[in-house]
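Right, one structure below, let's go through it.
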Amino acid sequence: MNPDQAQCDVAVVGGGIAGLTAAWQLAEAGYSVMLFDARDRFGGRVLTLPAAPRDRNMPWLDVGPAWFWPHQRHMQLMVSHFGLEVFAQHTQGLATFDRGAASVPERFDATGQLGRSLRLMGGMQALTSALVRAAQSAHRPAALIANAHVRLLRWVNGVIEVSESDLLCSARAVVLAAPPRVLARDVEFSPPLPEALQQSLRNTVTWMGHSMKCVVSYEQPFWRNAGLSGYAVSWTGPLQEIHDASMPSSAESPATYAIMGFVTPRTSPAGTAFRSASVAERRTAVLEQLARLFGANALSVLDYEELDWSAQPLSSATDDVQPPSEHPAYGAPLFDALAWEGRLAWAGAETSAVEGGYLDGAIASGLRAARLLEATLR
Ligand SMILES: Cc1cc2nc3c(=O)[nH]c(=O)nc-3n(C[C@H](O)[C@H](O)[C@H](O)COP(=O)(O)OP(=O)(O)OC[C@H]3O[C@@H](n4cnc5c(N)ncnc54)[C@H](O)[C@@H]3O)c2cc1C
Numbered sequence: 000m001n002p003d004q005a006q007c008d009v010a011v012v013g014g015g016i017a018g019l020t021a022a023w024q025l026a027e028a029g030y031s032v033m034l035f036d037a038r039d040r041f042g043g044r045v046l047t048l049p050a051a052p053r054d055r056n057m058p059w060l061d062v063g064p065a066w067f068w069p070h071q072r073h074m075q076l077m078v079s080h081f082g083l084e085v086f087a088q089h090t091q092g093l094a095t096f097d098r099g100a101a102s103v104p105e106r107f108d109a110t111g112q113l114g115r116s117l118r119l120m121g122g123m124q125a126l127t128s129a130l131v132r133a134a135q136s137a138h139r140p141a142a143l144i145a146n147a148h149v150r151l152l153r154w155v156n157g158v159i160e161v162s163e164s165d166l167l168c169s170a171r172a173v174v175l176a177a178p179p180r181v182l183a184r185d186v187e188f189s190p191p192l193p194e195a196l197q198q199s200l201r202n203t204v205t206w207m208g209h210s211m212k213c214v215v216s217y218e219q220p221f222w223r224n225a226g227l228s229g230y231a232v233s234w235t236g237p238l239q240e241i242h243d244a245s246m247p248s249s250a251e252s253p254a255t256y257a258i259m260g261f262v263t264p265r266t267s268p269a270g271t272a273f274r275s276a277s278v279a280e281r282r283t284a285v286l287e288q289l290a291r292l293f294g295a296n297a298l299s300v301l302d303y304e305e306l307d308w309s310a311q312p313l314s315s316a317t318d319d320v321q322p323p324s325e326h327p328a329y330g331a332p333l334f335d336a337l338a339w340e341g342r343l344a345w346a347g348a349e350t351s352a353v354e355g356g357y358l359d360g361a362i363a364s365g366l367r368a369a370r371l372l373e374a375t376l377r
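If you read the sequence shown in numbering that gives the first Met the number 0, its first letter stands for residue 0, the second for the next number, and so on.
Right, here's the structure in full:
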């Protein structure tokens, strides 16, 4: 890229749901926007993989977030604005409680324990794709640039220089839309941010930064056919919390049947052992657990996918490996203010006091960053 040409009103660092929302809103308001993401794709913690066999046009498997909830008004806004298709998480049937290999799984009625979780047809990727399209076709189309890992922000002569090893662009303002701890670790600020802000960045837990998710897809929903919901809680793992991850049929594709589970944390002995095993060993351990819980049909799989988010440095910092004991109180007040005399805005799920850590909070934070910058850039 020719640095002489790379000038814009706003540079956005991070192309997850928060950064894409901010980029779309600012581009729609007529500002020139360049968004940079360190990965070779957009969406960040949203990642939906095609289910196997891939030549059968199967719907997709979420290895990142899959759910939102009826009270989340920013998600509802996106669903209605982009016309996304919603379906309810499958919960019908008996739940399962697993004390471990030595005891028989217990069945129980979990009706009332599970909130009304909603999912998107095509997976959560449908939201990323809608935001990418909206940003790229906005009133003043935003430039979305992948494989650009921002390392330095330098505020000099009234502009902010955004650099990887070379200059990426000079911007009038910047939206920081990556997890706060990841920013604190990877990005140098010149002049340095105030100490209180640096501390807030370092202290903010990256939601689900400790997590690992496994998804197994099947030809048939054999657990449903046996009167089971697919929901299970296990004391021994490797999967700790298990859910049905199937997707209904649509005009374009047949239904997929799948089960997903969150792995016991890395900080427990079982979690450490599981993560240090080979993929083949992990697959075997997961299938054996599912067979114990749901029957031998669980061994005949179409596909096995897994993602250890705690090993993804762009989504998790060293301190995030330890899961928090409860949902953290997100949205430190410093993130509501602009730094560097109104030129630096914060976005990202963890900066939102509203539904902090969740997709809904990510959207809320992107809208807030755009609103604050619009007021100062005008
Ligand atoms: C396994 C899992 C399950 C989850 N389940 C749910 C759920 O069911 N419902 C829900 O609401 N939420 C869930 N979440 C949380 C949800 O994923 C997040 O709230 C949301 O995706 C955060 O979006 P974001 O844009 O704030 O951050 P991110 O998605 O993390 O995006 C940040 C982006 O910044 C990029 N980046 C980082 N550093 C740099 C840099 N220096 N330069 C350039 N780019 C950089 C990253 O590559 C990334 O794309 C889950 C998360 C995980 C991991």
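For glycine and all other residues, C-beta sits at the position ideal for the given N, C-alpha and C.
Any non-hydrogen atom of ligand 2 within 7 Å of residue i CB
{"i": "Phe-86", "result": "The ligand content of the structure shown is limited to ligand 1, which means ligand 2 is not among them."}
Own chain partners of residue i with C-beta closer than 7 Å, once the 5 adjacent residues on each side are dropped
{"i": "Asp-318", "result": "Arg-180"}
{"i": "Trp-66", "result": "Gln-88, Ser-116, Leu-117, Arg-118"}
{"i": "Leu-93", "result": "Arg-106, Phe-107, Asp-108, Gly-226, Leu-227, Ser-228"}
{"i": "Ile-200", "result": "A small fix is needed here, since residue 200 is Leu in this sequence, not Ile. Hits under 7 Å: Pro-179, Arg-180, Leu-182, Ala-183."}
{"i": "Phe-188", "result": "Leu-152"}
{"i": "Thr-271", "result": "Arg-265"}
{"i": "Pro-323", "result": "Val-204"}
{"i": "Gln-381", "result": "Residue 381 falls outside the range modelled here, since the chain spans only 0 to 377, and no answer is possible."}
{"i": "Val-320", "result": "His-209, Arg-265, Thr-266, Ser-309"}
{"i": "Asp-307", "result": "Met-211, Arg-274"}
{"i": "Leu-371", "result": "Leu-337, Ala-344"}
{"i": "Ala-295", "result": "none"}
{"i": "Gly-99", "result": "Trp-234, Thr-235"}
Supposed contact pair residue j and residue i - C-beta distance, whole angstroms, cut 8 Å
{"i": "Gln-71", "j": "Asp-359", "result": "4 Å"}
{"i": "Pro-237", "j": "Ala-195", "result": "No, Pro-237 and Ala-195 are not in contact; Cβ-Cβ is about 41 Å, not under 8 Å."}
{"i": "Pro-220", "j": "Gly-121", "result": "Actually they are not in contact, since the Cβ atoms of Pro-220 and Gly-121 sit about 19 Å apart, beyond 8 Å."}
{"i": "Gly-63", "j": "Met-123", "result": "7 Å"}
{"i": "Leu-143", "j": "Val-161", "result": "Their Cβ separation, rounded to whole angstroms, is 14 Å, which puts Leu-143 and Val-161 out of contact at 8 Å."}
{"i": "Ala-125", "j": "Thr-255", "result": "Not confirmed; about 15 Å, so no contact."}
{"i": "Thr-95", "j": "Val-45", "result": "Actually they do not touch by this definition, with Cβ atoms about 28 Å apart."}
{"i": "Arg-281", "j": "Phe-273", "result": "6 Å"}
{"i": "Ala-231", "j": "Ser-245", "result": "Actually they do not touch by this definition, with Cβ atoms about 15 Å apart."}
{"i": "Ala-37", "j": "His-148", "result": "4 Å"}
{"i": "Ala-170", "j": "Leu-376", "result": "That pair is no contact at about 10 Å."}
Exposure of residue i, with buried meaning 16 or more beta-carbon neighbours within 10 Å
{"i": "Trp-234", "result": "exposed"}
{"i": "Glu-349", "result": "buried"}
{"i": "Gln-288", "result": "buried"}
{"i": "Pro-385", "result": "Because the chain in this structure spans residues 0 to 377, residue 385 falls outside the shown range and cannot be described."}
{"i": "Phe-334", "result": "buried"}
{"i": "Leu-60", "result": "buried"}
{"i": "Arg-265", "result": "buried"}
{"i": "Asp-97", "result": "buried"}
{"i": "Met-0", "result": "Any answer about Met-0 is weak, because its pLDDT of 46 lies below 50 and its placement is not dependable; what the coordinates show is given next. Per the 10 Å Cβ criterion, exposed."}
{"i": "Gly-208", "result": "buried"}
{"i": "Ser-457", "result": "Nothing can be reported for residue 457, as the shown portion of the chain is limited to 0 through 377."}
{"i": "Phe-86", "result": "exposed"}
{"i": "Gly-260", "result": "buried"}
{"i": "Ser-164", "result": "exposed"}
{"i": "Asp-39", "result": "exposed"}
{"i": "Val-103", "result": "exposed"}
{"i": "Ser-248", "result": "exposed"}
{"i": "Ala-129", "result": "buried"}
{"i": "Thr-263", "result": "buried"}
{"i": "Ala-5", "result": "buried"}
Contacting residues, own chain, Cβ-Cβ under 6 Å from residue i (five flanking each side not counted)
{"i": "Ala-361", "result": "Ile-16, Ala-17, Ala-348"}
{"i": "Val-174", "result": "Val-11, Ala-21, Ala-344, Ala-346, Ala-368"}
{"i": "Leu-25", "result": "Val-9, Val-32, Ala-369"}
{"i": "His-73", "result": "Asp-359, Ile-362, Ala-363"}
{"i": "Thr-90", "result": "Leu-113, Ser-228"}
{"i": "Glu-373", "result": "Ala-28"}
{"i": "Ala-316", "result": "Arg-180, Val-181, Arg-184"}
{"i": "Leu-83", "result": "Leu-119, Ala-125"}
{"i": "Glu-305", "result": "Cys-213"}
{"i": "Asp-243", "result": "His-89, Gly-229"}
Contacting residues, own chain, Cβ-Cβ under 8 Å from residue i (five flanking each side not counted)
{"i": "Leu-366", "result": "Thr-20, Ala-21, Gln-24, His-73"}
{"i": "Leu-192", "result": "Leu-200, Ala-338"}
{"i": "Leu-292", "result": "Thr-95, Asp-97, Pro-104, Ala-231, Ser-233, Ile-241"}
Cβ of residue i within 8 Å of any chain D Cβ
{"i": "Gly-63", "result": "In the structure shown, chain D cannot be found, because there is only a single protein chain."}
Touching by the beta-carbon criterion (3+ pairs, under 8 Å), the region 30 to 42 and the region 6 to 22: A contact between stretches requires three or more CB pairs, one per stretch, nearer than 8 Å, and the region 30 to 42 meets this requirement with the region 6 to 22.
Give a yes or no on contact between the region 197 to 216 and the region 73 to 84, applying the rule of three or more CB pairs nearer than 8 Å. Judged by Cβ distances under 8 Å, the region 197 to 216 makes no contact with the region 73 to 84, as fewer than three pairs qualify.
Is the number of C-beta pairs between the region 339 to 351 and the region 149 to 159 that are closer than 8 Å three or more? Yes, they touch.
Between the region 320 to 328 and the region 349 to 364, do three or more beta carbon pairs fall short of 8 Å? When C-beta atoms of the region 320 to 328 are compared with those of the region 349 to 364, three or more pairs fall below 8 Å, so the two segments count as touching.
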